[in-house]
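What follows is a short report on a single structure.
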Amino acid sequence: MTHLTTPLLVCIIIAVGYRTLAVAAYGQNPPKRPHIVLITADDMGWNDVGFHGSNQIATPHIDALAYDGGTFEGYDMRQNQFVNYAANGTYATDYFTSAARDIIAQHGKSGQPMLLVMNHLAPHAGNDDDPLQAPQETIDRFAYIGNRDRRTYAAMMSKLDDSVGAVYESLRANGMLDNSIIVFLSDNGGVTRGMHSNTGSNYPFRGQKHSPWEGAVRTAALIWSPLLKDTQRVSNQWFHISDWLPTLASAAGIALGNSSFSDIDGIDQWEALAYGTGNPRQRLMNNLDEIFGYTSYMENGFKYINGTTLNGVNDAWYGETDPLDQLPDDEQYLSSVMATRIARAGRLDEKLISYLRRHATVNCGNSIATKPCNPLVKPCLFDIINDPCEMHDISDEYPKRLRGIRNRLELYRLRAAKPRNRPHDPEADPSKFGGVWNWWRTDPTKAASLQDEGDDSALPPPTHSLAKDTQLFVIIPIVVVGIIFVIGTLLYLSNKNIIKLCRRTKKQDSATTPSEIPTDASSPDGKAAADAAFSSKIYVISDRDMDR
C-alpha cells in the first residue's frame, strides 16, 4: 500500500498545481504553502527506535523529532529515467541523504513549496550473499550487542537516524524549517526470522512482516511541524497508511472533496493531528486477502483475524532483547537525545522526554497468552486497545460483535477490486539488459495503460517460460479431452427422461421459499457467492456457518 500511496500523492499535488496555485481566491496574499518531507524506512521493527522504550539502538534524531512532534539481483539505481552507474559503491542511505540535501538547497532559493519523498532501502535486508550492510566504524559503535547480524542492523538504523538529522539540518540551514512538515514512518514491521530476515524487533507485539498481527501492521511513526498546535504528545489515534494522502493534501491547502480524487480510501486527519481533536478513524482494514485466504480488520477497539500466512510460521512473539547484552542505561539514552539540535531547538528536557517515552512504550505484562487463538482453526477477536499484544481471544465472549464484523467484511469483499497479479516474465531478466533492471516492453506507458483498462493483449503470455514444442505437447491433449467432454455432455443431456426430471425438479424448487442462502466456505470469510453484486441483499451468517 505504501508503494501506491506516494506516487498518488505526488500526482495529486502536481495535478492541482501545488507550485503554481492560483491566488485569485485569496486576493494578492495567498497563505504560504508548507514544505512536506515524507521519509520512509523499509522493514523497520516497532522496537527499533528509542522512543518506544528500548536502549539497544540509539536513534536520537528520530526520537527528538518524535518527542517534539507527535508519535505514531540486478543493478537498480536511477536518477529519474537514467541508470546512475556513478552511485555504485556508495552506501545507499548516504547517497539518498546527499541527494535530499542538494534538492533542499536548490529549492530553498526558489521560495516555492516543496514535496520531498525519501524512500530509504534501510533497514531492509539485501541479497542473500551479504544481506545486512553498514560502515564498519558504525557497526563498531554497537559492540555491546552480541548477535553479529543484530549489531549490523543497529548500525543500519543508526545511519538512517543520521539521515533524518541531516534532512532536518538542511531545512534549517536553508530557512525552510519553520514552514515544514516532516513525517517519518516504516512501511511495515521488521523481519525477525525467516526469509529476508534483518533481525528487526517488533517486540512485544505478535508476529512480523507478512502476517496479520500487530508486529506486521503497527509501525513506528512520527510527525513534526511548527504548524502543529498540539505537540510534544503521544497520539493514540488510528492512522491507516492511505490517510497520509488526504492528510498531507489538506495541510498543503489542497481540497480533494470536489476533485476527481475525492473517491479514495484515506481519511483527512490533519485537524486531529494539528489540534489533538480525537480519532476520526474507527475502522481499519489491514488486509482481506482472497489469494492467501486471511483477513485482518479493526473496528471500534476490536481486532478480527481469520486465517493467517504461511501456515502460521510468523504468528509468535519475536525479537525480545538478549538479557546478556550490556545496553546503555537511561541516562546515556537521554544524553544522546539532548545532544541533538532538534532537542535543543524544541525546548525539550529530560523530564519531558522520560514522560513521553513512558507513554509511547507498550508493556503487555504477562508474557504468556491466557486465551490463545489459532486463526487457522477459527476466527479470533481481540480487545486491541487493552490487549495490543494479541494474547487473549475474546471471540466466545462477544459472538454478536463477531457476527457483525463478519457481515461488514462481506460488504468490503464484494466492493474490493480483484488482485491484478501477473505471472513472472523471464523477458525482464536483468541479464538481458547488461545486468540492469529495466523496462522490457517497447512502450511501457502504453502497456501500463492497457493493463489498467483490463486489456491483457500487451502482457506477455505466461507460456513464455515453456519451450514451443512443450507448449504444443501440453495443449493438444487438453484440446482433445475438452472435445470428448463436450460430446459426452451433449449425449447425456439428450436423454428425454432426464430432461423431464430436471424440469419437474426445477418447478418444485421454484415453489419453495428459501430460508437462508448458504455461504461459500472456501472464501476467506465464509461469504456469499463471489460474483454477487454489491447492491444485492446482505446475507446473515450464523455461527454454524462460521468458516476457518
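Under mature numbering (1 follows the signal peptide of the UniProt record, and there is no 0), the letters of the sequence shown match residues -24 to -1, 1 to 524, in that order. Yeah, the Cβ is synthetic: ideal placement off N, Cα and C, and Gly gets one too.
{"query": "Of the residues H368, I230, A336 and Q32, the one placed nearest residue 525, counting alpha carbons only", "result": "As shown, the chain starts at -24 and ends at 524. That puts residue 525 outside it, with no answer to give."}
{"query": "Sequence-distant residues of its chain with Cβ nearer than 6 Å to M152 (five each side left out)", "result": "H11 and G84"}
{"query": "Exposed unless 16 or more other CB atoms sit within 10 angstroms - verdict on G165", "result": "buried"}
{"query": "Closest by C-alpha distance to N56, when choosing among D70, A75 and Y43", "result": "A75"}
{"query": "As assigned by DSSP and simplified to three states, the class of T271", "result": "strand"}
{"query": "Bounding residues of the alpha helix (DSSP H) (the contiguous stretch that carries Y43)", "result": "P36 to D44"}
{"query": "A101 versus L147 - alpha carbon distance", "result": "30 Å"}
{"query": "Reduced DSSP secondary structure (H/G/I, E/B, other) of residue 546", "result": "No statement about residue 546 is possible, as the shown extent of the chain runs from -24 to 524 and does not include it."}
{"query": "Backbone secondary structure at S371 - three-state DSSP", "result": "coil"}
{"query": "Counted within 10 angstroms of its Cβ, other Cβ atoms place L92 as buried (16 or more) or exposed", "result": "buried"}
{"query": "Per DSSP, cross-strand counterpart(s) of R182", "result": "W293"}
{"query": "Straight-line Cα distance separating K394 from I267", "result": "10 Å"}
{"query": "Reference G380, options R334, L324 and K279, closest by Cα", "result": "K279"}
{"query": "Pick from I15, A142 and Q112 that is closest to H96, judged by C-alpha positions", "result": "I15"}
{"query": "Residues bridged to V13 [DSSP beta-bridge criterion]", "result": "L92 and I158"}
{"query": "Best match in G176, Q308 and D104 for proximity to G21 [C-alpha to C-alpha]", "result": "G176"}
{"query": "Identified DSSP bridge partners for A110", "result": "Partner(s): none; A110 has no beta bridge."}
{"query": "Assumed close pair P36, D137 - CB separation to whole angstroms, cut-off 8 Å", "result": "7 Å"}
{"query": "Under the three-state DSSP convention, the category Q82 falls into", "result": "helix"}
{"query": "For D104 and D298, the rounded distance between their alpha carbons", "result": "25 Å"}
{"query": "Unbroken beta strand (DSSP E) run spanning M152, endpoints", "result": "Counting along the chain, M152 falls outside any beta strand (DSSP E), and DSSP gives it neither H nor E."}
{"query": "Beta-bridge pairing of V412 - partner residues as DSSP gives them", "result": "Y51"}
{"query": "D306 - containing alpha helix (DSSP H), residue span", "result": "D306 to M314"}
{"query": "Residues that Y280 bridges to, as DSSP identifies them", "result": "Y273 and L357"}
{"query": "Cβ-based neighbour list, G277, same chain, cut-off 6 Å, excluding 5 preceding and 5 following", "result": "I361"}
{"query": "Test item: CB-CB of S226 and S156 under 8 Å", "result": "no"}
{"query": "Beta-carbon spacing of G252, D44 below 8 Å", "result": "no"}
{"query": "Delimiting residues of the alpha helix (DSSP H) encompassing W220", "result": "W220 to A227"}
{"query": "Inter-residue spacing [alpha-carbon to alpha-carbon] between L378 and R317", "result": "49 Å"}
{"query": "Other residues of its chain near D305: CB distance less than 8 Å, five sequence neighbours each side excluded", "result": "N31"}
{"query": "Contained alpha helix (DSSP H) runs [length at least 4] in the segment 233 to 267, N- to C-terminal order", "result": "246 to 251"}
{"query": "Collapsed DSSP secondary structure at I329 in the structure displayed", "result": "helix"}
{"query": "Counted within 10 angstroms of its Cβ, other Cβ atoms place H216 as buried (16 or more) or exposed", "result": "buried"}
{"query": "Close Cβ partners of S238 (< 8 Å) along its chain, the five nearest in sequence each way excluded", "result": "L232"}
{"query": "Of the residues S312, L332 and W293, the one placed nearest T207, counting alpha carbons only", "result": "L332"}
{"query": "Distance between beta carbons of Y144 and I121, contact taken as under 8 Å", "result": "Not really, about 27 Å apart at Cβ, beyond 8 Å."}
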